[in-house]
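Asker: One structure, pasted below without further comment.
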Amino acid sequence: MSVREQARNQGGRPRDSRVDDAIASAVRELLSEVGYTRLTMAEVAARAGVGKAAIYRRHATKQEMIFDVLLPDQFLAVAPDSGSLRADLAAVLAEIADSLTLPPQGTVPGLLADVHADPALRDRFEERYLGAQRRTLTEILDRATARGELPTRPDPATLNALLVGPVFAWLFLLSESPGQLPDLTDTLLDAALALIGPLQAVEDER
41 MSVREQARNQ GGRPRDSRVD DAIASAVREL LSEVGYTRLT MAEVAARAGV
91 GKAAIYRRHA TKQEMIFDVL LPDQFLAVAP DSGSLRADLA AVLAEIADSL
141 TLPPQGTVPG LLADVHADPA LRDRFEERYL GAQRRTLTEI LDRATARGEL
191 PTRPDPATLN ALLVGPVFAW LFLLSESPGQ LPDLTDTLLD AALALIGPLQ
241 AVEDER
């Protein structure tokens, strides 16, 4: 838990989930209406019908507020376990793709730029977003290795980059259609599995 979170959680009255929900709804609406750059805490407070103090008790900055709204605690909370490496990776990649495509246009690039300018928020991003991906992929790869689908466990960070990097590039560097992501992710999964699959074939021929 970050220092900011500890400070928010110490003492005082229990947080009202209705206020949390109102703030989250206001953030999503305003991101769609005015965009990431123009959204302000004052506008969120007015739209949510709460005082700015209620927001600052929960979120120290606008960037932290948007990050918390867009990345709920249940993101990759449970690693899929279908019994198939490809199916498990497909489920993870679909959830990651959703996290990139659901926010209104311009939100993810703007937020990422601000995340890397704020050390405290960067630490939370690495733990809750990147860390969740790495932990989930590690668990999936460990299970696949134990089942005999893989001779050895590939590096989770490398696989993470192979799968997620092209999705990010497709959406934010090449500005291609999110509607074509299912075809792209199928191709990515085939390519990633081809890179680690031949190792098993070599083992089988011995």
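Each residue of the sequence shown is one higher than the last, beginning at 41 in our numbering.
Glycine included, every Cβ here is placed at the ideal spot set by N, Cα and C.
(1) Please report how far the alpha carbon of Thr178 lies from the alpha carbon of Gly146, in whole angstroms.
(2) Return the CA-CA distance between Asp113 and Ala64, expressed in angstroms with no decimal places.
(3) Quick one: residues in its chain with C-beta nearer than 7 Å to the C-beta of Leu170, no 5 flanking neighbours on either side, listed in chain order?
(4) Is Leu228 closer than 7 Å to Leu211 when the C-beta atoms are compared?
(5) Which residue marks the beginning of the alpha helix (DSSP H) containing Leu125, and which one marks its end?
(6) Any contact of the segment 99-114 with the segment 78-90, i.e. 3+ C-beta pairs under 8 Å?
(7) Let me know the secondary structure DSSP gives Thr185 once reduced to three states.
(8) Looking at Ile95 and Asp128, is the spacing between their C-beta atoms short of 7 Å?
(9) Kindly give me the distance between the Cβ atoms of Ala131 and Pro120, rounded to whole angstroms, as I take these residues to be in contact under 8 Å.
(10) Name the residue from Ala157, Arg174, Ser139 whose alpha carbon lies nearest to the alpha carbon of Lys110.
(11) Which runs of the alpha helix (DSSP H), 4 residues or longer, sit entirely within the segment 148-222?
(12) If I follow the unbroken alpha helix (DSSP H) through Asp57, where does it start and stop?
(13) Distance, Cα to Cα, Asp56 vs Arg98?
Answerer: Looking at the coordinates:
(1) To locate residue 178, count along the sequence shown from 1; it is residue 138. To locate residue 146, count along the sequence shown from 1; it is residue 106. If I take the Cα positions, the gap works out to 31 Å.
(2) Counted from its first residue, the sequence shown places residue 113 at position 73. Counted from its first residue, the sequence shown places residue 64 at position 24. Near 13 Å, if we compare the C-alpha coordinates of Ala64 and Asp113.
(3) Walking along the sequence shown from the start, residue 170 turns up at place 130. Correct list: empty, nothing qualifies.
(4) Position 171 of the sequence shown, counting from 1, holds the residue named residue 211. Position 188 of the sequence shown, counting from 1, holds the residue named residue 228. No, the Cβ-Cβ distance between Leu211 and Leu228 is not below 7 Å.
(5) As a first step, residue 125 must be located in the sequence shown, where it is residue number 85. For Leu125, the enclosing alpha helix (DSSP H) has its first and last residue at 125-141.
(6) With the cut-off at 8 Å, the segment 99-114 and the segment 78-90 touch.
(7) Counted from its first residue, the sequence shown places residue 185 at position 145. DSSP, read as helix, strand or coil, puts Thr185 in helix.
(8) What you label residue 128 is simply residue 88 of the sequence shown in a count that begins at 1. What you label residue 95 is simply residue 55 of the sequence shown in a count that begins at 1. At the C-beta level, Asp128 and Ile95 stay beyond 7 Å of one another.
(9) Position 91 of the sequence shown, counting from 1, holds the residue named residue 131. Position 80 of the sequence shown, counting from 1, holds the residue named residue 120. So it is a contact: roughly 4 Å between Cβ atoms.
(10) Your numbering for residue 110 matches position 70 in the sequence shown. A small correction: the amino acid at residue 110 is Leu; Lys does not occupy that position in the sequence shown. Measuring from the Cα of Leu110, the nearest candidate turns out to be Ser139.
(11) Counting only unbroken stretches of 4 or more residues, the alpha helix (DSSP H) elements lying wholly within the segment 148-222 are 159-165, 171-187, 196-208, in sequence order.
(12) As a first step, residue 57 must be located in the sequence shown, where it is residue number 17. It should be pointed out that residue 57 corresponds to Ser in this sequence rather than to Asp. First-last of the alpha helix (DSSP H) with Ser57: 57-74.
(13) Taking the first residue of the sequence shown as position 1, residue 56 is located at position 16. Taking the first residue of the sequence shown as position 1, residue 98 is located at position 58. Per the coordinates, the alpha-carbon of Asp56 lies some 11 Å from the alpha-carbon of Arg98.
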